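These protein sequence lines map, in sequence, to chains A and B.
Residues in the first sequence are numbered from 1 upward in steps of one, following our numbering.
Residues in the second sequence are numbered from 226 upward in steps of one, following our numbering.
Just below is one structure, and these are the notes that go with it.
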Amino acid sequence: MLSVTDLTKSFATPEGGRVEIVRVPRFALAAGEQRALRGESGSGKTTFLNLIAGILAADSGRAEIDGADMVALPEAKRDRLRADKLGYVFQTFNLLQGYTVLENVLLGMSFGPRGVDRAHAVAVLGRVGLAHRLGHFPRQLSTGQQQRVAVARALANRPKLVLADEPTGNLDRASAREALGLIREVCRENGAALLLVSHDDGVLGQFDGVQDFAELNEARKGAVA
Amino acid sequence: MTLPLIIYRSLRQHALSTLITAGSIALACGLLMTVWMVKTQAQAAFVSTATGFDAVLGARGSKLQLVLNGIFHLEASPGNLAWSDYEAIRRHPAVKTAIPIAVGDNLRGYRIVGTVAPLFTTVEYAPGKKFVLEPGGKLFDETAREAVVGSFAAARLGLKVGSTFQPFHGLAFDEKALHEEVFTVTAILVPTNTPADKVVWVPLKGVQTMSGHDPKAATDVSAVLIQLRAASAGLMLDLMINKQGNRMTFAYPVSAIMTELFGKIAWIDRVLALVAYLVALVAAGSVLASIYNSMSARQRDLAILRALGARRRTIFGAVVAEAACIGALGAAAGFAVYFALLWTVAGVIRVQTGVVLDVMAGHAVLWICPLAMTALCTLGGAVPAVKAYRTPVAETLAPVS
Numbered sequence: 001m002l003s004v005t006d007l008t009k010s011f012a013t014p015e016g017g018r019v020e021i022v023r024v025p026r027f028a029l030a031a032g033e034q035r036a037l038r039g040e041s042g043s044g045k046t047t048f049l050n051l052i053a054g055i056l057a058a059d060s061g062r063a064e065i066d067g068a069d070m071v072a073l074p075e076a077k078r079d080r081l082r083a084d085k086l087g088y089v090f091q092t093f094n095l096l097q098g099y100t101v102l103e104n105v106l107l108g109m110s111f112g113p114r115g116v117d118r119a120h121a122v123a124v125l126g127r128v129g130l131a132h133r134l135g136h137f138p139r140q141l142s143t144g145q146q147q148r149v150a151v152a153r154a155l156a157n158r159p160k161l162v163l164a165d166e167p168t169g170n171l172d173r174a175s176a177r178e179a180l181g182l183i184r185e186v187c188r189e190n191g192a193a194l195l196l197v198s199h200d201d202g203v204l205g206q207f208d209g210v211q212d213f214a215e216l217n218e219a220r221k222g223a224v225a
Numbered sequence: 226m227t228l229p230l231i232i233y234r235s236l237r238q239h240a241l242s243t244l245i246t247a248g249s250i251a252l253a254c255g256l257l258m259t260v261w262m263v264k265t266q267a268q269a270a271f272v273s274t275a276t277g278f279d280a281v282l283g284a285r286g287s288k289l290q291l292v293l294n295g296i297f298h299l300e301a302s303p304g305n306l307a308w309s310d311y312e313a314i315r316r317h318p319a320v321k322t323a324i325p326i327a328v329g330d331n332l333r334g335y336r337i338v339g340t341v342a343p344l345f346t347t348v349e350y351a352p353g354k355k356f357v358l359e360p361g362g363k364l365f366d367e368t369a370r371e372a373v374v375g376s377f378a379a380a381r382l383g384l385k386v387g388s389t390f391q392p393f394h395g396l397a398f399d400e401k402a403l404h405e406e407v408f409t410v411t412a413i414l415v416p417t418n419t420p421a422d423k424v425v426w427v428p429l430k431g432v433q434t435m436s437g438h439d440p441k442a443a444t445d446v447s448a449v450l451i452q453l454r455a456a457s458a459g460l461m462l463d464l465m466i467n468k469q470g471n472r473m474t475f476a477y478p479v480s481a482i483m484t485e486l487f488g489k490i491a492w493i494d495r496v497l498a499l500v501a502y503l504v505a506l507v508a509a510g511s512v513l514a515s516i517y518n519s520m521s522a523r524q525r526d527l528a529i530l531r532a533l534g535a536r537r538r539t540i541f542g543a544v545v546a547e548a549a550c551i552g553a554l555g556a557a558a559g560f561a562v563y564f565a566l567l568w569t570v571a572g573v574i575r576v577q578t579g580v581v582l583d584v585m586a587g588h589a590v591l592w593i594c595p596l597a598m599t600a601l602c603t604l605g606g607a608v609p610a611v612k613a614y615r616t617p618v619a620e621t622l623a624p625v626s
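So, in structure tokens, the structure goes:
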């Protein structure tokens, strides 16, 4: 499902040099597999996910999703691939505050090839327990409910791959457990692969396959001037 | 559904600035359409309002003054003509009808014009239209102190059949200049939408013999309104009276003289149009500034949309379409401004001149202006759209961990 090869990303420093944040020689995720990456803050986890999602352009390497290389594709096709195959659950949810719960989910579907399926969006929101909050705005929801909207939005388009960046970082322990369970369960139901990054042992403990991002990412072993 | 939803939500989120910006566009659009329509309609109305006459004969002076005085009942008369001059032109074989008028008095600001009965019985003020008296009225007796009152003047002065009044001397109202004579209203004219509506018509003798008027001028007239048998006769009379004579002026043709007037004041149109164009530009600029200034606040939303798979061109299109919507909203509201302004201006013009503008008349400018305004706003939206297009997704969404 996901195959990463020699993926690198560096950023310019204020001093005029460059610092390498990501250098991942090899990483793979099978269809339907659920994997967690452990990493401290600032370790490059989010950058790694953004490179896979095509939100950031990589310096070099390959990030193939279902056979399509996100790195080599032009931007418009990266956008299409992201809308078509990916679901992304952000740490800060990134809900559109001016849109209702249902509209947030509908917009998540609208850029994909299948287009908007209102009935499915309502069903997914029902699946995450928000059927009675369709017309509410994010600010009218609790943090846990907002997270559930973010999950519904990421999964409504039936993605092949779900990326989750510290998805429970803003939740208390009970809500975090509930949200994580929901993400994993819905991914399983949809047959989607899940790649989650976190530094929270409570979260990571729920996964069988946990990999240390520091071992995966060679960039941290020496910055490039 | 996506693009309309994004536009709708964005407009809702920035409702106040949307309303203010659309309001400024409405003002600009309404102003532009009003300036244009008042200009074209006023010109057309003044040029075509000859009230059935081809020419005006008067004392030596300005042709324009003669036309304004004789046809539009504005301006003062340049002087008097002797009764023999009137008789001479009336008998001229090229003249079909000659109606003498005498001015010099008013009724609380509304002009009193002395004339003869054939004005109401034979003259067509527009093709196929003669003056008609309201039911219950009868034409004045040319030997009595009676009056036929134009519809607008009657309404404003509160005159009805049987009402009596005393004229005031002069063309401008001065309550100390009251004449002794008492006139009785015998009829009210059916509205004609011409300057005749704001005139109090009395028999010619009534003005000529008014107390306080010069007895030596008791048979003089202020001007003669003329209908010709053929257009070519006008040129002949023009040559005979204006070029070969030096006592009288033959103002012919009336429409050309009014066109000349509008030609002389065309610079006012140009200044007004320039002001309106500037207002339109400022309004389009305000769309640009309004959306551009809100870009920082909405960049996160745009980045989220990009992260969800929206293409750059979708984001660009959404911002441009939002600007177009604000422009279209403003242009639509501009019609309310237009009708309010035109209705007000038309009222003022009617009170001042008796000329009636058609507020509901159509013109190409009524669709060109809103479309151009919307296009201008769309163009203005392209600037913030470029900024939206360039929104860096990852940097905007979250700091790198």
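Ideal placement from N, C-alpha and C gives every residue a C-beta, glycine not left out.
Because the structure is a prediction, the values reported are computed rather than measured.
Same chain, Cβ closer than 7 angstroms to residue i, five either side skipped, listed in chain order
i, result
"A/G222", "Bear in mind that the predicted position of A/G222 carries a pLDDT of just 48, short of 50, making it too unreliable to give a figure here."
"B/L236", "T243, E547, C550"
"B/H317", "none"
"A/E15", "none"
"B/R495", "none"
"B/V386", "G361, G362, V410, T411, A412, I413"
First through last residue of the beta strand (DSSP E) which encompasses residue i
i, result
"A/L194", "193-198"
"B/K441", "Counting along the chain, B/K441 falls outside any beta strand (DSSP E), and DSSP gives it neither H nor E."
"A/G61", "60-65"
"A/V22", "18-29"
"A/D6", "2-12"
"B/A412", "408-413"
Delimiting residues of the alpha helix (DSSP H) encompassing residue i
i, result
"A/L81", "75-85"
"B/V512", "491-518"
"A/A164", "A/A164 -> not in any alpha helix (DSSP H); beta strand (DSSP E) instead, spanning 161-165."
"A/F48", "45-53"
"A/A254", "Because chain A spans 1 through 225 in this model, residue 254 of chain A falls outside it and cannot be assessed."
"B/A619", "618-622"
"B/V263", "240-273"
"B/T599", "590-614"
"A/R202", "Note that residue 202 of chain A corresponds to Gly in the displayed sequence, not to Arg. 201-204 is the extent of the alpha helix (DSSP H) around A/G202."
"A/L102", "101-110"
"A/A179", "173-190"
"A/Q146", "143-155"
Own chain, CB closer than 6 angstroms to residue i, minus 5 neighbours either side, in chain order
i, result
"B/L384", "V374, V410"
"A/S3", "A28, E64"
"B/M520", "P609, K612"
"A/H136", "V101"
Beta-carbon proximity list for residue i, same chain, < 8 angstroms, skipping 5 on both sides
i, result
"A/F213", "L37, R38, G39, S43, G44, K45, F48, V197"
"B/R333", "L382, F393, F398"
"B/F356", "L344, F345, V348, Y350, L414, V415, T417, A421"
"B/G179", "No statement about residue 179 of chain B is possible, as the shown extent of chain B runs from 226 to 626 and does not include it."
Beta bridge counterpart(s) of residue i as assigned by DSSP
i, result
"A/Q211", "A/L37"
"B/M473", "B/A284"
"B/W426", "B/V338, B/V373"
"A/Q88", "Note on identity: in this sequence residue 88 of chain A is Tyr, with Gln being the wrong assignment. A/Y88 pairs with A/L163."
"B/T322", "B/Q452"
"A/D69", "A/E64"
"B/D526", "Beta-bridge pairing links B/D526 to no other residue."
"B/L403", "B/F393"
"A/A219", "None, per the DSSP bridge assignment."
"B/A327", "B/G339"
Interface flag, residue i vs chain C, CB-CB below 8 angstroms
i, result
"B/V618", "The structure shown contains no chain C; its protein chains are A and B."
Whole alpha helix (DSSP H) elements within the region 288-312 of chain B, 4-residue minimum: 288-295
Output, in sequence order along the chain, the residues in the region 530-556 of chain B whose CB is closer than 8 angstroms to any CB in chain A. L530, R531, A532, L533, G534, A535, R536, R537, R538, T539
Near-chain A residues of the region 245-271 of chain B - C-beta to any C-beta below 9 angstroms: The residues in question: there are none.
Report the residues of the region 100-114 of chain A with a CB closer than 8 angstroms to any CB of chain B, ordered along the chain. Contacts with chain B (Cβ-Cβ distance below 8 angstroms) from the region 100-114 of chain A involve E103, L106, L107, G108, S110, F111, G112, listed in chain order.
Listed in chain order, which residues of the region 232-244 of chain B have Cβ atoms closer than 8 angstroms to some Cβ of chain A? Listed in sequence order: R234, S235, R237, Q238.
Quick check for students: name the residue ranges of the alpha helix (DSSP H) that lie wholly in the region 530-583 of chain B, counting only runs of 4 or more. 537-578
Quick check for students: name the residue ranges of the beta strand (DSSP E) that lie wholly in the region 332-397 of chain B, counting only runs of 3 or more. Listed in chain order, they are 335-340, 349-351, 371-374.
Which residues of the region 66-87 of chain A have a Cβ closer than 9 angstroms to any Cβ of chain B? Give them in chain order. E75, A76, D79, R80, L81, R82, A83, D84, L86
Give the residues from the region 283-302 of chain B that approach chain A closer than 9 angstroms (Cβ to any Cβ), ordered along the chain. none
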